[in-house]
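Peer 1:
Protein chains: 2
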Amino acid sequence: MRNLRRMVKALEAYSMAVEKRYGLTGPQLWALWELSRSGPMGLKDLAERMYLNPSTVVGVVDRLVEKGLVARDPDPSDRRRVSLDLTPRGSELLKDSPHPAQGQLLHGLQGMSLKEVQDLHASTATLVKVMEAENLDATFFFADG
Amino acid sequence: MRNLRRMVKALEAYSMAVEKRYGLTGPQLWALWELSRSGPMGLKDLAERMYLNPSTVVGVVDRLVEKGLVARDPDPSDRRRVSLDLTPRGSELLKDSPHPAQGQLLHGLQGMSLKEVQDLHASTATLVKVMEAENLDATFFFADG
DNA sequence: GCAAATTGATTCGTGTTCAAACAATGTGAA
DNA sequence: TTCACATTGTTTGAACACGAATCAATTTGC
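Respectively, the protein sequence lines represent chains L and G. All residue numbers for the first sequence refer to my numbering, where the first residue is 13 and numbers rise by one. All residue numbers for the second sequence refer to my numbering, where the first residue is 13 and numbers rise by one.
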């Protein structure tokens, strides 16, 4: 647990440093990166790619639009949807900014041997599986009573 | 990264379930638990035990005091400090509430073999070390300009 | 013994996160 | 066709989480 906590904290600290330097928080940078990687998309799609609640992403996108890095365009084929895309300034900024949060973790992994990475992946996968199963149980348990 | 994300998310989901059931969020339960474990202490101490910024813990404690689960007493030996302690209601509630957030992770670990747990611990420790070192570098780098 | 630095708690401003509720739009079945 | 239902994006309200600034109390340095 302490290690998990410290990993999250290290990522947060990294995010703060990036924010100081580039005026972008971790989630903001991450959103830009996803838009750059996978082209224009709707808000729901972006939220799914980021494993976040759509209502959360609205705020992140709001701030990016305010900064002129992302454009919200109407989607002619479905008027419920908005098409999110980088502005020229957005892609420009993305070019010389660091990897988004994950980058640090990736960098961290590069300092480990292949076997270590494989072990880590295997054990976290197991742990996640057990935890998510636990969670289902808890949901049913709490729902019952 | 996905696994890390999923672990955090699983913990969040668990926290939500607990909140629905007991009216306590994860951090609140965690604070109660630390107070129960390590007796009365100042806010800074509690913040350190929770790996959180003191300013964050103020809010958590506020809500616990409001619920009548924690008392803020003056410390006669140092009048800057406040002594945080469980109220009787607080310890009562803690008795039949589930393990705080970590509990789920702990439970998860119990589903793994000793070797798996050891591997997991070793690899996360390595990863944390690399990430924190990275972070120091980044701080200096960004500080330089 | 008193000024200066430090420490502990708090407040403030910004940003992230979720669930719940809502409006607008699209879809499918009676 | 029409009406119930689903989907998409948004708003709202609560709780975290951080750093910076503030304030009182304490410790230090001279």
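Ideal Cβ positions, reconstructed from N, Cα and C, are used throughout, including at glycine.
Using CA coordinates, which residue listed in G:P86, G:G38, G:E104 is at the minimum distance from G:L55?
Peer 2: With distances taken between Cα atoms, G:L55 lies closest to G:P86.
Peer 1: Could you tell me the distance, in whole angstroms, from the CA atom of G:R91 to the CA atom of G:R49?
Peer 2: Approximately 24 Å, taken between the alpha carbons.
Peer 1: Got a sec? Which residues, its chain only, sit under 8 Å from L:S103 by beta carbon, not counting five neighbours each side?
Peer 2: Excluding sequence neighbours, L:S103 sits near S48.
Peer 1: Does the Cβ-Cβ distance between G:R101 and G:L81 come in under 7 Å?
Peer 2: Yes; because the gap between Cβ atoms is below 7 Å, this pair is in contact.
Peer 1: Let me check one thing: in DSSP terms, what residues is L:P86 bridge-paired to?
Peer 2: Its beta-bridge partners are L:V94.
Peer 1: Exposed or buried, which one is L:V70 when buried takes at least 16 other CB atoms within 10 Å?
Peer 2: By the 10 Å Cβ count, L:V70 comes out exposed.
Peer 1: Classify L:A155 as buried or exposed, calling it buried when 16 or more other Cβ atoms lie within 10 Å of its own Cβ.
Peer 2: Only weak support is given to the placement of L:A155: the predicted model assigns it a pLDDT of 36, under 50, and the value that follows is read from those uncertain coordinates. So L:A155 counts as exposed.
Peer 1: For G:G38, count the other beta carbons within 10 Å of its own beta carbon; 16 or more makes it buried, fewer makes it exposed. Which is it?
Peer 2: When all chains shown are included, G:G38 counts as buried.
Peer 1: Given a cut-off of 7 Å, decide if G:L44 and G:L106 are closer than it, judged by their beta-carbon atoms.
Peer 2: Yes. Within cutoff.
Peer 1: Let me make sure I understand the geometry here. Which of G:W42, G:G51, G:D74 has the alpha-carbon closest to that of G:Y63?
Peer 2: Looking at the Cα atoms, G:W42 is the closest of the given residues.
Peer 1: Might you give, ordered along the chain, the residues of its own chain that have their beta carbon closer than 7 Å to the beta carbon of L:Q40, omitting 5 neighbours on each side?
Peer 2: Taken in chain order, the residues that qualify are V72, R75, L76.
Peer 1: With 16 as the cutoff for other CB atoms within 10 Å, does L:E46 come out buried or exposed?
Peer 2: When all chains shown are included, L:E46 counts as buried.
Peer 1: Could you compute how far the alpha carbon of G:Y34 sits from the alpha carbon of L:E31?
Peer 2: Each residue's Cα considered, the two are about 37 Å apart.
Peer 1: I'd like to know whether the C-beta atoms of L:A83 and L:T68 end up nearer to each other than 7 Å.
Peer 2: Taking 7 Å as the Cβ cut-off, L:A83 and L:T68 do not qualify as a contacting pair.
Peer 1: Below 6 Å CB to CB, which residues in the same chain sit around L:R93 once its five sequence neighbours on both sides are set aside?
Peer 2: For L:R93, where only same-chain residues beyond five positions count, the Cβ hits under 6 Å are G54, D87.
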